[in-house]
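**Student:** In this text, residue positions in the sequence shown follow the UniProt record's numbering: the first is 1, and each later residue adds one. Even glycine gets a Cβ: it sits at the ideal position worked out from N, Cα and C.
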Amino acid sequence: MNEENELSYFKSGLAIGVSLGIVSGIASTLWYQKKRTVDADLVLENVKDAFLKEGPIEGSWIEFEKKPLRKFAVHSKTYNGGISRLEDGVMVQYEFTADAFTGTVIDVKRIKD
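(1) Is the stretch 84 to 96 touching the stretch 56 to 63 in the sense that three or more CB pairs, one from each, lie closer than 8 Å?
(2) If you draw a straight line from the C-alpha of Glu65 to the C-alpha of Ile106, how long is it?
(3) If distances are taken between C-alpha atoms only, which option among Ser8, Leu7, Ala15, Phe51 comes closest to Val108?
(4) Determine which residues share a DSSP beta bridge with Lys68 and list them.
(5) Measuring alpha carbon to alpha carbon, tell me which residue in Ala27, Val43, Phe10, Leu30 is nearest Ile62.
(6) According to DSSP, is Ala25 part of a helix, a strand, or is it coil?
(7) Check the DSSP bridge columns for Val108 and list the partner residues they point to.
(8) By DSSP, does Val18 sit in helix, in strand, or in coil?
(9) Which word fits Gly81, buried or exposed, when buried means at least 16 other C-beta atoms lie within 10 angstroms of its C-beta?
(10) Just to confirm, is the Cβ distance from Val38 to Thr102 under 8 Å?
(11) Are there 16 or more other CB atoms within 10 angstroms of the CB of Val90, so buried, or fewer, so exposed?
(12) Is any heavy atom of the ligand NAD found at a distance shorter than 7 Å from the C-beta of Tyr32?
Here it is, written out as structure tokens:
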């Protein structure tokens, strides 16, 4: 009878341990997915692809440091970058801001000379 109780306690402990492991694994995966950011190089490639649809580009850059952005109640981290290209024989530069978590371009500005 004593061995049956010990085996029952072992099975209960094992079941609790496995359950806690599964729950903590799911929780840590969800936390990681929420906190991870898109690689800055991938963001730059996507922006370059969009500009290349309208014509060739001369140069591009992106800052790898994420900067905080706050618009009203929305808080995020962003990448800043730029694209330069020839338009009607004149070099034109654009600056863009992209969300670091999704890679979505938030703003594009043409730089005035």
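**Tutor:** Once the coordinates are examined:
(1) Put simply, the stretch 56 to 63 touches the stretch 84 to 96. At least three CB pairs are less than 8 Å apart.
(2) Their backbone Cα atoms lie some 17 Å apart in a straight line.
(3) Ranking Ser8, Leu7, Ala15, Phe51 by Cα distance to Val108 puts Phe51 first.
(4) Correcting the residue identity first, residue 68 is Pro in this sequence and not Lys. Bridge partners of Pro68: Lys77.
(5) Here the closest residue by C-alpha is Val43.
(6) The question names Ala, but residue 25 is Gly in the sequence shown. In the structure shown, Gly25 falls within a helical segment according to DSSP collapsed to helix, strand and coil.
(7) According to DSSP, Val108 bridges with Phe96.
(8) Here Val18 sits in helix by DSSP.
(9) Counting every other CB atom within 10 Å of its CB across the protein chains shown gives Gly81 a total of 16 or more, marking it as buried.
(10) Yes, these two residues count as a Cβ contact at 8 Å.
(11) Per the 10 Å Cβ criterion, exposed.
(12) Because no ligand of any kind appears in the structure shown, any question about the ligand NAD cannot be addressed here.
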